[in-house]
Amino acid sequence: MQDISLHLLDIIENSARAKARNIKVRVIRNVMKNRLRIIVEDDGVGMDSHTIEMAQDPFYTSKEEREKKVGLGIPLLKQNAELSGGCFKMASEPGFGTVLTVDFELDNIDRMPLGNLKDTLLGAVIGHPEVDFDINLITKEKGIEQSFHFDTAAIKEELGDIPLTYPDVIEYIDQSLLEGIQNTNMEDV
Amino acid sequence: MKTLADLKKIREKAQEEMKLRGSSVRVKIVVGMGTSGIAMGAREVMKTFLEEISNRNLTDVLVTQTGEKGLSSMEPVVDVIEDGKPKVTYGNMNPDKVKKVVVEHIVNGRIVSDYVVATGN
Chain F
1428 MQDISLHLLD IIENSARAKA RNIKVRVIRN VMKNRLRIIV EDDGVGMDSH TIEMAQDPFY
1488 TSKEEREKKV GLGIPLLKQN AELSGGCFKM ASEPGFGTVL TVDFELDNID RMPLGNLKDT
1548 LLGAVIGHPE VDFDINLITK EKGIEQSFHF DTAAIKEELG DIPLTYPDVI EYIDQSLLEG
1608 IQNTNMEDV
Chain D
20 MKTLADLKKI REKAQEEMKL RGSSVRVKIV VGMGTSGIAM GAREVMKTFL EEISNRNLTD
80 VLVTQTGEKG LSSMEPVVDV IEDGKPKVTY GNMNPDKVKK VVVEHIVNGR IVSDYVVATG
140 N
């Protein structure tokens, strides 16, 4: 993975695969605290403590466990966060969902770029019409807080039976996300 | 700023169109978005499909994302599913190949056999 947005897409796909109906995504760029924080919260099937351990370990070798197909996505993200002075936390409860928090040190030379957040969110939102996304982008810089909120449940309600892949709707979501990303200065993070 | 009022206009326009030609989905496209797919460029593949649909005003095409499909060595992988026809799976996709698949297959109904890695179920 070349950037943080690709990791974010990977996490969102995990949530969708865990049968989440609601996924909350927070991207918080806090310049005063020198921190870029990503929080993804879902109401999917969740994991027990053993599975959480397993999901973070790329070298888990027991054949029985391997059949559960826990991949490399989480261990790679964890490694990338820790290599750039950040940290990775995952909490989950079977039957209730999963919360994942990843921190990166903003000015760390080893931090990967945030990358194309817009295309990640656009693909996820349109590619998973069964999921309601609640997206918040927040920038705290020089004592000023700018935020962008995007709630797909409201959009779907307004659209009725018009699908998210309707051409003008793609354009609408693309433009909204672009404006939000620009307004919160998340373009070249 | 985009507002929900803009959506209302889109909805009215779309409903008018549906009255004329019906609301059926003719083609369903599924982009494999597992970890290896993402690492190999599946996000750009998805984005190009959405761009093409928007630019060409294709109102009867649906695009969704799915997880790993067990074809890791051929990622990014895309399924094209049409009613009454066998599923076509394209592999090693990139934005240029997507554009070709949209023109040839989705619009003109000709499968791009060079990119096909599997057919049927």
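Taken in order, these protein sequences are the chains called F and D. Just so you know, this note's numbering puts 1580 at position 153 of the first sequence, and the rest follows in order with no gaps. Just so you know, this note's numbering puts 51 at position 32 of the second sequence, and the rest follows in order with no gaps. C-beta: ideal position from N, C-alpha, C; glycine also.
Buried or exposed (CB count within 10 angstroms, at least 16 for buried), A1447 (chain F)
For this step, residue 1447 (chain F) is matched to residue 20 along the first sequence. Around the beta carbon of A1447 (chain F), 16 or more other beta carbons lie within 10 angstroms, which makes this residue buried.
Once DSSP output is grouped into helix, strand and coil, what is the label at M65 (chain D)?
Within the second sequence, the letter at position 46 stands for residue 65 (chain D). In the three-state scheme derived from DSSP, where H, G and I count as helix and E and B as strand, M65 (chain D) is classed as helix.
Report yes or no: is there a C-beta of chain F within less than 8 Å of the C-beta of T108 (chain D)?
Position 89 of the second sequence, counted from the first residue, corresponds to residue 108 (chain D). No, T108 (chain D) lies away from the interface with chain F (no Cβ there is under 8 Å from its Cβ).
Looking at the structure shown, is V126 (chain D) part of a helix, part of a strand, or coil, going by DSSP?
Working through the second sequence from its first residue, we reach residue 126 (chain D) at position 107. Here V126 (chain D) sits in helix by DSSP.
Taking its Cβ as the centre, do 16 or more other Cβ atoms sit within 10 Å of K1495 (chain F), making it buried, or is it exposed?
For the purposes of this step, residue 1495 (chain F) is taken as the residue at position 68 of the first sequence. Confidence is the limiting factor: at K1495 (chain F) the pLDDT is only 49, short of 50, which leaves the residue's position unreliable, though a coordinate-based value still follows. In summary, K1495 (chain F) is exposed, with fewer than 16 beta-carbon neighbours lying within 10 Å of its beta-carbon over all protein chains present.
If you compare alpha carbons, which of F:K1505, F:I1608, F:D1615 is closest to F1531 (chain F)?
For the purposes of this step, residue 1531 (chain F) is identified with residue 104 of the first sequence, where counting begins at 1. Cα-wise, what sits closest to F1531 (chain F) is F:K1505.
Per-residue contacts from Q1602 (chain F) into chain D (C-beta, under 8 Å):
Indexing the first sequence from 1 puts residue 1602 (chain F) at position 175. For Q1602 (chain F), the residues of chain D that pass the 8 Å Cβ criterion are K21, in the order they occur in the chain.
Note the first and the last residue of the continuous beta strand (DSSP E) segment covering Y109 (chain D).
The count along the second sequence starts at 1 and reaches residue 109 (chain D) at position 90. For Y109 (chain D), the enclosing beta strand (DSSP E) starts and ends at 107-109.
Taking the beta carbon of R1493 (chain F) as the centre, do at least 16 other beta carbons fall within 10 Å, making it buried, or is it exposed?
Residue mapping note: residue 1493 (chain F) aligns to position 66 of the first sequence, counting from 1. Residue placement at R1493 (chain F) is poorly supported in this model, since its pLDDT is 46, which falls under 50; the coordinates still yield a value, given next. Exposed, by the Cβ-count rule.
From the DSSP output, in three-state form, read off A1447 (chain F) for me.
For the purposes of this step, residue 1447 (chain F) is identified with residue 20 of the first sequence, where counting begins at 1. Look at A1447 (chain F) here: in three-state DSSP terms it is coil, with no helix or strand label.
Which partner residues of F1531 (chain F) appear in the DSSP bridge assignment?
Position 104 of the first sequence, counting from 1, holds the residue named residue 1531 (chain F). According to DSSP, F1531 (chain F) bridges with F:L1463.
How would you label D115 (chain D), buried or exposed, when you count the other beta carbons within 10 angstroms and need 16 or more for buried?
Stepping through the second sequence from its first residue, residue 115 (chain D) is reached at position 96. D115 (chain D) comes out exposed.
Taking C-alpha atoms, which residue in F:N1441, F:R1456, F:M1428, F:I1439 lies nearest to E1572 (chain F)?
In the first sequence, the residue the question calls residue 1572 (chain F) occupies position 145. Considering only alpha carbons, the answer is F:R1456.
Taking a cut of 8 Å between CB atoms, which residues from the segment 1579-1612 of chain F lie near chain D?
Of all residues in the segment 1579-1612 of chain F, A1581, I1582, E1585, L1586, G1587, D1588, I1589, P1590, T1592, Y1593, P1594, D1595, V1596, I1597, E1598, Y1599, D1601, Q1602, S1603, E1606 have a Cβ within less than 8 Å of some Cβ in chain D.
Measure how close the beta-carbons of D1475 (chain F) and P1502 (chain F) come, nearest whole angstrom, since I'm counting them as under 8 Å.
The residue given as residue 1475 (chain F) occupies position 48 in the first sequence. The residue given as residue 1502 (chain F) occupies position 75 in the first sequence. About 18 Å separates the two Cβ atoms, so there is no contact after all.
Could you tell me whether the segment 40-52 of chain D touches the segment 76-96 of chain D, where touching means 3 or more Cβ pairs closer than 8 Å?
Taking a cut-off of 8 Å for Cβ pairs, the segment 40-52 of chain D and the segment 76-96 of chain D touch, as three or more such pairs fall below it.
Counting only the same chain and skipping the five closest in sequence on each side, list residues whose C-beta sits under 6 Å from that of F1515 (chain F).
One-based indexing of the first sequence puts residue 1515 (chain F) at position 88. Around F1515 (chain F), the same chain offers K1505, A1508, V1529 as residues with beta carbons nearer than 6 Å, after the five sequence neighbours per side are excluded.
So if I threshold CB-CB distances at 7 Å, which residues from the segment 1432-1463 of chain F count as touching chain D?
Hits within the stretch, in order: L1433, L1436, D1437, E1440, R1444.
Run through DSSP, which three-state label would Q1403 (chain F) get?
Because residue 1403 (chain F) is not part of the residues shown, which for chain F are 1428 to 1616, the question remains open.
Between the alpha carbons of N1612 (chain F) and I1536 (chain F), how many angstroms are there, rounded?
If you number the first sequence from 1, residue 1612 (chain F) lands on position 185. If you number the first sequence from 1, residue 1536 (chain F) lands on position 109. Whole-angstrom Cα-Cα distance: 20 Å.
At least 3 beta-carbon pairs within less than 8 Å: the segment 1459-1473 of chain F vs the segment 1517-1525 of chain F:
Because the criterion of three Cβ pairs below 8 Å is met, the segment 1459-1473 of chain F and the segment 1517-1525 of chain F touch.
Checking 8 Å against the spacing of the C-beta atoms, do E1585 (chain F) and L90 (chain D) come in under that value?
Position 158 of the first sequence, counted from the start, is the residue given in the question as residue 1585 (chain F). Position 71 of the second sequence, counted from the start, is the residue given in the question as residue 90 (chain D). No, these two residues do not count as a Cβ contact at 8 Å.
Coarse secondary structure for S55 (chain D), derived from DSSP in three states
Position 36 of the second sequence, counting from 1, holds the residue named residue 55 (chain D). Looking at S55 (chain D) - three-state DSSP - the assignment turns out to be helix.
By the DSSP assignment, the beta strand (DSSP E) with L1510 (chain F) in it spans what residues?
Position 83 of the first sequence holds residue 1510 (chain F). Note, L1510 (chain F): premise wrong, no beta strand (DSSP E); alpha helix (DSSP H) at 1500-1510.
According to DSSP, is I1608 (chain F) part of a helix, a strand, or is it coil?
Residue mapping note: residue 1608 (chain F) aligns to position 181 of the first sequence, counting from 1. If DSSP states are grouped into helix, strand and coil, I1608 (chain F) belongs with the helices.
Cβ-heavy atom distance between E1509 (chain F) and the ligand NAD below 7 Å?
The model depicted lacks the ligand NAD and carries no ligand whatsoever.
If you drop the 5 nearest sequence neighbours on each side, which residues of the same chain put their C-beta closer than 6 Å to that of V1458 (chain F)?
As a first step, residue 1458 (chain F) must be located in the first sequence, where it is residue number 31. The residues are E1568.
By DSSP, does Q1483 (chain F) sit in helix, in strand, or in coil?
On the first sequence, residue 1483 (chain F) is found 56 positions in, with the first residue counted as 1. DSSP, read as helix, strand or coil, puts Q1483 (chain F) in coil.
Using the Cβ count rule (16 or more neighbours within 10 Å means buried), how would you classify T138 (chain D)?
By one-based count along the second sequence, residue 138 (chain D) stands at place 119. Exposed, since its Cβ has fewer than 16 Cβ neighbours within 10 Å.
Residues that M1428 (chain F) contacts on chain D, provided the C-beta gap is smaller than 8 Å
By one-based count along the first sequence, residue 1428 (chain F) stands at place 1. Ordered by position in chain D, the residues that pass the 8 Å Cβ test against M1428 (chain F) are I57, A58.
Near-chain D residues of the segment 1534-1568 of chain F - C-beta to any C-beta below 8 Å
Residues passing the 8 Å Cβ filter: N1543, D1546, T1547, L1549, G1550, A1551, I1553, G1554, H1555, P1556.
Assuming I1553 (chain F) and L1591 (chain F) are in contact, meaning their beta carbons sit under 8 Å apart, how far apart are those beta carbons, in whole angstroms?
Residue mapping note: residue 1553 (chain F) aligns to position 126 of the first sequence, counting from 1. Residue mapping note: residue 1591 (chain F) aligns to position 164 of the first sequence, counting from 1. Indeed, because the Cβ distance is near 5 Å, the residues count as touching under 8 Å.
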